[in-house]
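Enquirer: Throughout the sequence shown, residue numbering follows numbering that gives the first Met the number 0, covering 0 to 119 in sequence.
Built from N, CA and C at the ideal position, the CB exists for glycine as well.
Computed from a predicted model, the values in this text were never measured in an experiment.
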Amino acid sequence: MKLKNVLIVVKDIEKSKQFYHDLFGLDLILDNDGNMILTEGLVLQDEKIWRKFLGKDIIPENNSFELYFEEQDIDAFIKKLEQSYPSIQYVNKLMTHSWGQKVIRFYDPDGNLIEVGTPM
0 MKLKNVLIVV KDIEKSKQFY HDLFGLDLIL DNDGNMILTE GLVLQDEKIW RKFLGKDIIP
60 ENNSFELYFE EQDIDAFIKK LEQSYPSIQY VNKLMTHSWG QKVIRFYDPD GNLIEVGTPM
């Protein structure tokens, strides 16, 4: 068995597709009417569909998981993030862990937690 994809719930699937393309270069592989598979295995699902499947409310910013990306030039990434999405909500701005890795954490437009760090 292998992990195939990671699915996140989004309110505006087109806006989210653009966000993940702008910042991370993820491209659309398949658009299946409310479900989009992007490169690198990220799946976006429309909140209305997910809520119908679960029969429960979606809880943004629940901090129970994060999407983790690595970026060699983190300063250039932060500049792109601030220029492209100036109202982004940060969990922590750029910091350096005791082991030397630089990281930044923020929420995507739907409250999904993202961490971008320098390679280990």
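Is the Cβ-Cβ distance between Phe68 and Val115 less than 8 Å?
Expert: Annotated as proximal: Phe68 and Val115, with beta-carbon spacing under 8 Å.
Enquirer: Which residues share a DSSP beta bridge with Tyr67?
Expert: Glu114
Enquirer: How do the stretch 70–81 and the stretch 48–56 stand: do at least 3 beta-carbon pairs fall below 8 Å, yes or no?
Expert: no
Enquirer: Do you know how far the Cα of Gly33 is from the Cα of Glu60?
Expert: 21 Å
Enquirer: Tell me the DSSP secondary structure of Leu2 in three-state form.
Expert: coil
Enquirer: Select from Asp21, Asp11 and Glu70 the residue whose C-alpha is nearest the C-alpha of Leu43.
Expert: Minimum Cα distance to Leu43 is reached at Asp11.
Enquirer: Which same chain residues, not among the five before or five after Glu70, have their C-beta less than 6 Å away from its C-beta?
Expert: Phe76 and Val115
Enquirer: Judging by CA-CA distance, which residue of Asp26, Leu6 and Leu27 is the nearest neighbour of Asp109?
Expert: Leu6
Enquirer: Provide the residue(s) that pair with Gln88 in DSSP beta bridges, ordered along the chain.
Expert: Tyr106
Enquirer: Measuring alpha carbon to alpha carbon, tell me which residue in Ile57, Ile87 and Ile103 is nearest Met94.
Expert: Distances from the CA of Met94 to each of Ile57, Ile87 and Ile103 were compared; the closest alpha carbon is that of Ile103.
Enquirer: Cα separation between Gly24 and Ile57?
Expert: 26 Å
Enquirer: Hey, how far is the Cα of Glu46 from the Cα of Thr117?
Expert: About 31 Å.
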